[in-house]
Amino acid sequence: MTALEKRIKALIAQTGPMSVADYMASCLFDPQDGYYTTREPFGTAGDFTTAPEINQMFGELVAVWIYSAWQAQDRPLPVSLVEIGPGRGTLMKDVTRTLRRLDAQLAAQAQFILIEASPRLRDVQARTLADGGIDFTWHDSLEALVEAPAFIIGNEIFDALPVRQFVKASGAWRERCVGPGDNDQLQFVLGPGTIDGTLLPADAALASDGAIFEHAPARNAMMTAISAHIRAHGGAGLFFDYGHLEPGLGDTLQAVRQHKPEGVFDHPGLADLTSHVDFRALAEAAKCQGLETAVMRQGDFLLAMGLLERAGRLGANAGDDARAAVTSAVERLAGPGAMGHLFKVLSVFPPHKVVHPFAGAH
Ligand code: SAH
1 MTALEKRIKA LIAQTGPMSV ADYMASCLFD PQDGYYTTRE PFGTAGDFTT APEINQMFGE
61 LVAVWIYSAW QAQDRPLPVS LVEIGPGRGT LMKDVTRTLR RLDAQLAAQA QFILIEASPR
121 LRDVQARTLA DGGIDFTWHD SLEALVEAPA FIIGNEIFDA LPVRQFVKAS GAWRERCVGP
181 GDNDQLQFVL GPGTIDGTLL PADAALASDG AIFEHAPARN AMMTAISAHI RAHGGAGLFF
241 DYGHLEPGLG DTLQAVRQHK PEGVFDHPGL ADLTSHVDFR ALAEAAKCQG LETAVMRQGD
301 FLLAMGLLER AGRLGANAGD DARAAVTSAV ERLAGPGAMG HLFKVLSVFP PHKVVHPFAG
361 AH
């Protein structure tokens, strides 16, 4: 039994079942035993590999996009360039290196900000970014942003924010909670709470008992904060994650450890816990703040931004092994059977400021 599991069981014994969102928050961010606070999640030696960790081309194309969105708003200065949940700092490293080449003045004058909840990962990020010649500031939340246009990026941040689950039982929707089970195991139990019916998708009424609906107020709150800033001060946002374009029913909570899926109660605090992102809900939160939004598949975005051309140039200067690695990275990042279709990218803009490749997308 993990140290965190012991403490969660003790807490449940004292105060009763906890919501799936509280369980997720505790597994990921418990200060003593949480996954992001204590573990090294990323790369082959870790538990999962993210797009920026696959290849530098991902960050380079994100930098080109930031640059074009900044130009489309008449090159505002001062400006903040912000990443939420930077992990090891690899994406920001590739973004800043590329931005310096694109526009030395922008790289020199922008304020680079990293929003990171895990003190341990802040240290890792500081090491990754140490010799790039750029000063970074770390904050806990977006509230610390100064009153300037902000171009905000994030990769696999929303899937890590806690999600609540509701389950249909005897015809009614009840909150799904984590409680004590047989053999001293944690298990899902029905909680007393229910959900405001207006939040349910259209097919909820016809669903049979056992159907599950996921609702993520923490994700909506973060998108609302991002959007309120961009509406008030300018800027844009670009967020990659895995999830669905249309809201629907289904249990997508999943645990991953050492690159393999496992049960969500197998190793609390030692496994990554995520759930699929409802892109429609995030886009609605941004629209409510007066922004324009567009979503597309990660593969389509990267191809439209010039992934193949960039890969061709990297490959042309490389030996056989390195060229094969670039080809394989293209497939992993953009291939339909890899990340290209499952991963989506949501972009948010002030009115009439939509840039390529989102013009015409919804
Ligand atoms: N973007 C990185 C890491 C993704 S993992 C990559 O693609 O490799 C999720 C990251 O978000 C971690 O750095 C985690 O510590 C951070 N995180 C999770 N919840 C957060 C929150 N509420 N505020 C800021 N950072 C958060």
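Using the numbering used here, the first residue of the sequence shown is number 1, and each one after it goes up by one.
We treat Cβ as the ideally placed atom computed from N, Cα and C, and that holds for glycine.
Cβ contact annotation for Phe-136 (same chain, cutoff 8 Å, sequence separation greater than five): Met-92, Phe-112, Ile-113, Leu-114, Gln-125, Ala-126 and Leu-129, in chain order. By the criterion of at least three beta-carbon pairs nearer than 8 Å, the segment 342-351 is in contact with the segment 223-231.
Rounded to the nearest angstrom, the gap between the Cα atoms of Leu-333 and Ser-170 is 43 Å.
In the DSSP assignment, Arg-257 falls within the unbroken beta strand (DSSP E) covering 254-257. Excluding its 5 nearest sequence neighbours in each direction, Met-24 has C-beta neighbours in its own chain below 7 Å: Pro-162, Val-163 and Leu-273, listed in chain order. Residues of the same chain with a CB within less than 7 Å of the CB of Gly-337, apart from the 5 flanking positions on each side, do not exist. In this structure, Asp-103 sits away from Gly-269, with a CB-CB distance that is not shorter than 7 Å. Per DSSP, Asn-220 lies in no beta strand (DSSP E); the unbroken alpha helix (DSSP H) holding it starts and ends at 217-233. Beta-carbon to beta-carbon, His-233 and Ala-150 are separated by about 7 Å, close enough to satisfy the 8 Å threshold.
If you draw a 10 Å sphere on the C-beta of Met-339, you find 16 or more other C-beta atoms in it, and that means buried. Going by C-alpha positions, Pro-76 is about 17 Å away from Ile-153. DSSP, read as helix, strand or coil, puts Asn-155 in strand. Going by DSSP, Gln-165 is part of the beta strand (DSSP E) stretching over 164-169. Boundaries of the alpha helix (DSSP H) harbouring Ile-12: 3-15, taken from the DSSP string. Pairing Ala-144 with Pro-78 gives a Cβ-Cβ distance that is not under 7 Å. Around the Cβ of Cys-288, a 10 Å sphere holds fewer than 16 other Cβ atoms; the residue is exposed.
In the three-state DSSP reduction, Val-124 falls in the helix class (H, G or I). The beta carbons of Lys-9 and Leu-238 sit about 41 Å from each other, so the pair does not count as a contact at 8 Å. Leu-314 is positioned such that its CB atom lies no closer than 7 Å to that of Val-330. If you check the C-beta of Glu-40 against the ligand SAH, you find no heavy atom less than 6 Å away.
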